[in-house]
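Asker: Residue numbers (the numbering used here), protein chains in the order written: chain A, 226 to 428; chain B, 3 to 115. Every residue, glycine too, gets a C-beta built ideally from N, C-alpha and C.
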Amino acid sequence: MSESSMTRPHAATAHHTSLGVDNRKLGVWAFIGSETLFFATLITTYFVFAPVNRVRPDFQDPREFLDIELTTVLASILLASSLTMVLALSASRRGDRRWFTTWLLATVGLGLAFIGGQVYEFNHLYHEGLTLSSSLFGTTFFVLTGFHGTHVAIGVIWLLSVFFKVRAYPDSPENAMDVEIAGLYWHFVDLVWVAIFVLVYLI
Amino acid sequence: MAGHHEEHSSHAHGEHSHSDRFYWLVAGVLAVVTALEVGLFIVNEQHLIAKWLEVTLLLILSTIKGAAVVMFFMHLKGDAGIFKFVFLVPLAFATTLLLSFMVLFSGHVGIAG
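(1) Give a yes or no on whether the minimum CB-CB distance between B:V142 and chain A is below 8 Å.
(2) Within the continuous alpha helix (DSSP H) that includes A:I428, where are the two ends?
(3) For a contact defined as C-beta to C-beta under 8 Å, what are the partners of A:H412 on chain B?
(4) Could you tell me the distance, in whole angstroms, from the CA atom of B:D22 to the CA atom of B:K86?
(5) Since A:I382 contacts B:V40 with CB under 8 Å, what's their CB separation in whole angstroms?
(6) Are the C-beta atoms of B:L100 and some chain A residue less than 8 Å apart?
(7) Looking only at its own chain, which residues have a Cβ that is under 8 Å from the Cβ of A:H352, when we skip the five neighbours before and after it?
(8) Can you pull the DSSP bridge partners for A:H241?
(9) Is B:V88 closer than 8 Å to A:A255 when the C-beta atoms are compared?
(10) Helix, strand or coil: how does DSSP classify A:K390 here?
(11) Return the chain-ordered list of same chain residues with a C-beta closer than 7 Å to the C-beta of A:L355, the five sequence neighbours on each side being excluded.
(12) Assign A:Q285 to one of three DSSP states: helix, strand, or coil.
(13) Which residue from A:S359, A:N278, A:A265 puts its Cα closest to that of B:L138?
(14) Would you mind working out which of A:G334, A:W418, A:R322 sits nearest A:N400, comparing C-alpha positions?
(15) For a contact meaning CB atoms closer than 7 Å, what does B:G80 contact in chain A?
(16) Are the beta-carbon atoms belonging to A:V174 and A:V391 less than 8 Å from one another?
(17) Between the C-alpha atoms of A:H241 and A:H412, what's the straight-line distance to the nearest angstrom?
(18) Can you give me the Cβ contacts of A:S307 inside the same chain, cut-off strictly under 6 Å, excluding the 5 residues immediately before and after it?
(19) With burial defined as no fewer than 16 other Cβ atoms inside 10 Å of the residue's Cβ, what is the status of B:E47: buried or exposed?
(20) Using a Cβ-Cβ cut-off of 8 Å (strictly less than) and excluding sequence neighbours within five positions of A:V311, which residues of its own chain qualify?
(21) Can you grab the Cα-Cα spacing for the pair A:L262 / B:P92, in whole Å?
(22) Could you tell me whether any Cβ in chain B is nearer than 8 Å to the Cβ of A:I379?
(23) If you draw a straight line from the C-alpha of A:W324 to the C-alpha of A:H373, how long is it?
(24) Quick check on A:M402: buried or exposed, where buried means 16 or more other Cβ atoms within 10 Å of its Cβ?
(25) Short of 9 Å Cβ to Cβ, which residues in the stretch 359-370 of chain A face chain B?
(26) Could you give the DSSP three-state label for A:P398: helix, strand or coil?
(27) Please confirm whether B:E8 has its beta-carbon closer than 8 Å to some beta-carbon of chain A.
(28) Output yes or no for whether 8 Å exceeds the beta carbon distance between A:F422 and A:A300.
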């Protein structure tokens with residue numbers, strides 16, 4: 226028995242808590258719980274200030290600015306990226322390096338496409354007269370969607386770092402867990418957009 | 003020994019893993035629900051149904067989408083109870099926060115001076 230194969234089981238259990246779960250995964254779920262409250266606060270702020278925006282002299286009507294066609298494309302991109310992410314995790318668990326690489330890099334590409342679309346949207350809104358300080362709608366809208374876009378950017382960096390770390394042996398327990406917890410964060414970012422898409426753009 | 007290792011590996015990877023075909027199916031359902039949301043929004047620009055009904059339907063559809071992402075893509079369905087606890091408790095608190103502030107400040111214009 227080689228040294229590496231003898232140490233592998235130890236490495237696999239090195240992160241287990243007394244609860245019988247991986248402490249990194251537990252940490253990411255706890256982080257996601259705190260992020261849920263963070264975004265709930267931003268969404269709540271958007272709704273609390275919406276009626277105030279309507280009666281102020283610098284009122285800007287969201288319906289005149291928000292482009293549902295572009296946003297639908299962005300929502301579809303993020304939903305597709307969740308599919309490619311879970312397929313990357315599936316491929317990593319069965320040790321399929323080729324498809325792991327394909328699906329993970331596809332997820333990164335879709336994330337970059339989303340960021341590009343959001344930059345386009347922000348640039349378009351800016352030239353239409355909607356800025357961070359033009360009205361309460363502008364302030365609450367850009368803070369909420371800007372923070373979400375920042376999370377997408379962080380997710381892309383996280384996915385790329387995981388890819389370069391685990392690409393040689395994506396199916397080892399340590400590496401598969403790295404992929405899984407990065408995926409949890411990525412799906413959460415998608416989940417936030419599901420809420421923003423409906424609450425900000427459709428309602 | 004080998005059986006024990008497989009059992010541990012299965013637990014570490016989650017006993018709730020699905021086939022790739024299943025994930026494609028979930029993604030298809032999510033795409034259909036998204037199309038329904040956008041379709042409802044566009045159709046009701048003609049004010050065919052009451053706004054409260056449109057909002058209710060949109061919230062139901064988005065809840066279905068969110069639940070599918072959490073249960074199947076994030077594998078929370080069937081995962082350890084502690085993961086559900088650390089996510090669902092803040093989610094319930096966040097939902098309560100949003101609803102409470104909506105009730106308190108809906109239509110109230112004095113908060114920002």
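Answerer: Considering the structure as presented:
(1) One cannot answer for residue 142 of chain B here, as it falls past the ends of chain B, which runs 3 to 115.
(2) Counting along the chain, A:I428 falls outside any alpha helix (DSSP H), and DSSP gives it neither H nor E.
(3) V71, V72, F75, M76
(4) 24 Å
(5) Actually they do not touch by this definition, with Cβ atoms about 30 Å apart.
(6) yes
(7) none
(8) A:D247
(9) yes
(10) helix
(11) Q285, F290, G363
(12) coil
(13) Nothing can be reported for residue 138 of chain B: it is not among the residues displayed for chain B, which extend from 3 to 115.
(14) A:R322
(15) Result: empty, since nearest Cβ-Cβ is about 13 Å, beyond 7 Å.
(16) The structure shown does not extend to residue 174 of chain A, since chain A spans only 226 to 428, so no value can be given for it.
(17) 23 Å
(18) H412, D415
(19) exposed
(20) G408, H412
(21) 6 Å
(22) no
(23) 28 Å
(24) buried
(25) L361
(26) helix
(27) Any reading at B:E8 needs caution, since the residue's pLDDT is 39, under 50, leaving its predicted position unreliable; the model's value is listed next. Taking Cβ atoms only, chain A never reaches closer than 8 Å to B:E8, which makes this a no.
(28) yes
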